[in-house]
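Visitor:
Protein chains in written order, with my numbering: chain P, 4 to 808; chain H, 19 to 78.
1) Measure the CB-CB distance between residue 174(P) and residue 118(P) and report whether it falls below 8 Å.
2) Which residues in chain P have a C-beta closer than 8 Å to the C-beta of residue 54(H)? List them in chain order.
3) Using the beta-carbon of each residue, which ones in chain H are nearer than 7 Å to residue 205(P)?
4) With residue 352(P) and residue 333(P) assumed to form a contact (beta carbons below 8 Å), what rounded beta-carbon distance in angstroms separates them?
5) What in chain H is Cβ-close to residue 201(P), meaning under 9 Å?
6) Can you give me the C-alpha to C-alpha distance between residue 821(P) and residue 592(P), rounded to a whole angstrom?
7) What is the C-beta distance between residue 379(P) and residue 706(P), in whole angstroms, given that I count them as a contact (C-beta under 8 Å)?
8) Taking the Cβ atom as the reference point for each residue, do residue 551(P) and residue 579(P) lie within a distance shorter than 8 Å?
9) To which residues of the same chain is residue 49(H) closer than 8 Å at the C-beta, ignoring the five residues directly before and after it?
10) For residue 190(P), which residues in chain H fall below 7 Å Cβ to Cβ?
11) Does residue 633(P) come within less than 8 Å of chain H when only Cβ atoms are used?
12) Between the Cα of residue 226(P) and the Cα atoms of 596(P), 655(P), 403(P), 287(P), which residue gives the shortest distance?
13) Looking only at its chain, what residues have a beta carbon closer than 6 Å to the beta carbon of residue 584(P), apart from the 5 residues adjacent to it on each side?
14) Applying the 10 Å Cβ sphere with the 16-neighbour rule, what's the burial state of residue 112(P)?
15) Return the chain-ordered list of same chain residues with a C-beta closer than 7 Å to the C-beta of residue 291(P), the five sequence neighbours on each side being excluded.
16) Measure the CB-CB distance between residue 716(P) and residue 691(P) and report whether it falls below 8 Å.
17) Does the stretch 199-207 of chain P come within contact of the stretch 137-156 of chain P, defined as at least 3 CB pairs closer than 8 Å?
18) Based on the DSSP output, what are the partners of residue 341(P) in its beta bridges?
19) If contacts are defined as beta-carbon pairs under 8 Å, then residue 67(P) and residue 159(P) qualify, I think. What distance do you get, rounded to the angstrom?
20) Write down every uninterrupted run of the alpha helix (DSSP H) in the stretch 501-573 of chain P whose length is 4 residues or greater and which is fully enclosed by it, in chain order.
21) Using a cut-off of 7 Å between C-beta atoms, extract the partners of residue 197(P) located in chain H.
22) So if DSSP puts residue 40(P) in a beta bridge, which residue, or which two residues, is it bridged to?
23) Measure the C-alpha to C-alpha separation of residue 714(P) and residue 491(P) and round it to an integer number of angstroms.
24) Take residue 646(P) and list the residues in its own chain whose beta-carbon comes closer than 7 Å to its own, dropping the five residues that flank it on each side.
25) Can you find a CB in chain H that lies within less than 8 Å of the CB of residue 813(P)?
26) Between residue 638(P) and residue 739(P), how many whole angstroms is the CB-CB distance? I'm expecting something under 8 Å.
27) Taking 8 Å as the CB-CB cut-off, is residue 60(H) touching chain P?
28) So with Cβ pairs under 8 Å, would you call residue 124(P) a contact of chain H?
29) Is the shortest distance between the beta-carbon of residue 30(H) and the beta-carbons of chain P less than 8 Å?
30) If you follow the beta strand (DSSP E) that residue 364(P) is part of, which residue opens it and which one closes it?
31) Which same chain residues, not among the five before or five after residue 193(P), have their C-beta less than 8 Å away from its C-beta?
32) If the cut is a Cβ gap below 9 Å, which residues of chain H does residue 254(P) touch?
33) Taking the beta carbon of residue 603(P) as the centre, do at least 16 other beta carbons fall within 10 Å, making it buried, or is it exposed?
34) Compare the C-beta of residue 209(P) against all C-beta atoms of chain H and say whether one is closer than 8 Å.
35) Our contact map puts residue 475(P) next to residue 274(P) with C-beta atoms below 8 Å; I'd like the distance itself, whole angstroms only.
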């Protein structure tokens, strides 16, 4: 039997469900074949999942139906089904947490929260209406551009309740550290920039008014006074607005390099001094109009760049994603406390139950259960644990309740060691230094040389003023601002575009690298597959679905599959617990009990498909229900791999899982077996990735972290561990691997735009320089023409952004 | 031409005043978030109250 593909799975489930072909989820709009319904005034309202249904109910209960009206007005926005987290956020109420994240004043407390999943007008509306849903919230203020919401709450309001409300609404809350100083420093910098720009514009405008009359032929005393006035008005521009140029030029000189602010600064300083000298001596030109225009236009184009960069999720927001779990600690006197995981100490006894992440390495004291170690090792099969078993931090308890004694914390845990390794690996130096940077540097050297040559040539002929003017014109017109703007602008736009698709890029140079790579290494468990065993087929021989019976039998069971079965049932119906007699769990065999005087047993059923596990429900030893469980491929994996191959990439599978599992998945995905690596340790992954010069690594777990760091480009998928997020360059905040295609497409386009921009600005500068050297231009024309090239670059990039959105 | 002696200072004063107002507005934070208020404006009127509360809440 071949492994079933997505089509066959959905076919099976649609066979099991009634009836109409497909429904659109009322909350998120996703089309689904297996809807859930609630009845509202005898009409049935369809949802794709429980998460969306919960959000709908909260919104209706609070009479906030306006939300759906707003949503309709923005049909273009896509949303995704709501994922309901099981977290209870209790640790947000701890003093430690509050000190770091909450600012408390006498009559209120404030917290900033980064909300994952803000995507449209209706989200904004919903968040700002949270004061109606929770009496503790005084006000909520969301900044749509960076998804940061500030909540002002009454004193004693529990932060955990706010976080729970937000997560119920479908926005994952990531509290932002209460870093007032840094925050205000950032804001101040931005505001200063705007003020610089405003002053430059106001002064330029006034000076140009005077210049017009001078150019029109004003003579005599009035001309002199106008020129003196221009000088006075130009001073704030030259001494305040232009300071960033001087600073950056000075810094580059200190590092013995030329940067584009150097010619600008030289033009400003010498142009300004020259103007003052002309005024004092009474003959010669003043250039205050040209200089102020230059400063204003340069500041303007850089401000535009700054604004584009800020748009959407900025790379810095990745910091907010680090999670911090809490854990229950049992003290010697029997008291149970909830503590933030990072404050755990050696020999603490901690209590873990289903769904918990193990926060430290240690040994099980009591209890049994199963853990999913896929994030740490890549192994997809759950591992059973009992007393004395060793647990590692970064693994997840998928069933059972147990207590554990902490033996290693922090950096000495297995996870901590990998983290140290990741941090020690030197951050990659970009081998492809941006081309435009290089060109600009040579360009500036040539221009500086030419200016000097012009001055000395004309001084030699006894006409210093002419030489100085031509040199100034040359300095201004060849300022390679367009060249310098071209690359960062296109990159920032690409990052903006990607972030609107839920792809968060840490550093810009990554895009250039993506466009050049050929090999993609993909982790299997958790990346291409979901990493958890899920019910793929529920096949009953009769009409009865046996949901309640299975749920009752499994509700107390501890074996790994029990949780998967329960999750599946709970997503379908609200199960009813039946009364049971003689309930018995036989480890390795199954569970059995007597319900309504019929003996039921759940146990293994031999399965021909090596990839999946099949279990059966026996009614009086007669199999009446077969359930197949497998670690499913993500819905987009097959198509994504196909498209990746079509785009000219070589996909490789790289997994810590067994040969059988890896090869089977490779076959389904159409990856050649020689490109499928199995039973790979984290270190081997690094070696394999290193062998290829330019490679992309896609992964999620701790076992991928080092490879993510080592690869040219590391991409962490949704659900990744913190450590992988730290190591990766790109984070996909939407499920699945198909965003990789978007990254490839946009990077390639971006490189095209950069090339186009660079060719244009080089041409422009060559023509301008020729004209300036031959004396066809004066500094004012140069000052007007030069920024025009920057604007052409801005426009060319802008059209690219618009075209795709 | 004597008119210039009066008009020039007036024009400079006017320009200076608006520049000063602009700088005050920037320092007040009116330009910090340029996109959200534009969207907020589209909501129905009942929200005006919440938004007013918000301002007061922030000022405290």
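All residues carry an ideal CB built from backbone N, CA and C; glycine is no exception.
Here the structure is a predicted model, which is why all the values come from computation and not from measurement.
Guide: Per the coordinate set shown:
1) yes
2) 127, 145, 146, 147, 148
3) 33, 37
4) 5 Å
5) 37, 40, 41, 44
6) The structure shown does not extend to residue 821(P), since chain P is modelled only from 4 to 808, so the question has no answer here.
7) 6 Å
8) yes
9) 43
10) 50
11) no
12) 287(P)
13) 597
14) buried
15) 210, 233, 234, 237, 278
16) no
17) no
18) 331(P)
19) Contact flag wrong, Cβ pair sits at about 25 Å.
20) 512-519, 550-557
21) 44, 49
22) 49(P)
23) 23 Å
24) 744
25) The structure shown does not extend to residue 813(P), since chain P spans only 4 to 808, so no value can be given for it.
26) 7 Å
27) yes
28) yes
29) yes
30) 364-369
31) 309
32) By Cβ distance, chain H contributes nothing, its closest Cβ being about 26 Å from residue 254(P), past 9 Å.
33) buried
34) yes
35) 6 Å
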